[in-house]
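Remarks on the structure that follows.
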Amino acid sequence: MFKFIIILTLTTLVFVVQAIDDSKFTCLGCVTSFEGADDVLNQSLEKLPASHKVKLIKVHKAEKQIISGIRYEINADVTLNSYSPENCDFLIISQPWLKNGIKATMRCREGEKVINWRHN
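Taking mature numbering (1 follows the signal peptide of the UniProt record, and there is no 0), I'd label the letters of the sequence shown as residues -19 to -1, 1 to 101.
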């Protein structure tokens, strides 16, 4: 019985070390960088009210965090209503199991423009 416990413990340890070495280990609740921010952001921008025409130009920084859903923080250059590009910060909280479970906020530095919207 003692041999079995030692073998099971060592096997478990090998898998844990392998996962950490392969960068498969994810810290739940930790803020991490991610690729694909342009897709996440464009999906939310498509749901903006018609009075706001925002076009993504370039993503500079993107982070996500697992909470009760996923929290995205994205810094990007966008054009607002076809004017010159502005640098804006986006906060998108995705809880898709809720009605209109995606809450988005856009805060632009020039003029301190803030737009809030919800969608599914």
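Note that the Cβ used here is the ideal one computed from N, Cα and C, for glycine as well.
Assuming residue i is part of the beta strand (DSSP E), what are its boundary residues?
| i | result |
| --- | --- |
| S75 | P66 to S75 |
| A57 | G50 to L61 |
| S14 | V12 to S14 |
Name, in chain order, the residues that DSSP records as bridge partners for residue i.
| i | result |
| --- | --- |
| W98 | A85 |
| I47 | I51 |
| L37 | V59 |
Check whether the Cβ atoms of residue i and residue j sit closer than 8 angstroms, and answer yes or no.
| i | j | result |
| --- | --- | --- |
| G50 | S75 | yes |
| N81 | R99 | yes |
| N56 | H41 | yes |
| C89 | E54 | no |
| L29 | V21 | no |
| K39 | D70 | no |
| S25 | I96 | no |
| N101 | I83 | yes |
State yes or no: is the beta carbon of residue i nearer than 8 angstroms to at least one beta carbon in chain D?
| i | result |
| --- | --- |
| L37 | In summary, chain D is missing from the structure at hand, where a single protein chain is found. |
Could you pull the start and end residues of the alpha helix (DSSP H) that residue i belongs to?
| i | result |
| --- | --- |
| S25 | A18 to L26 |
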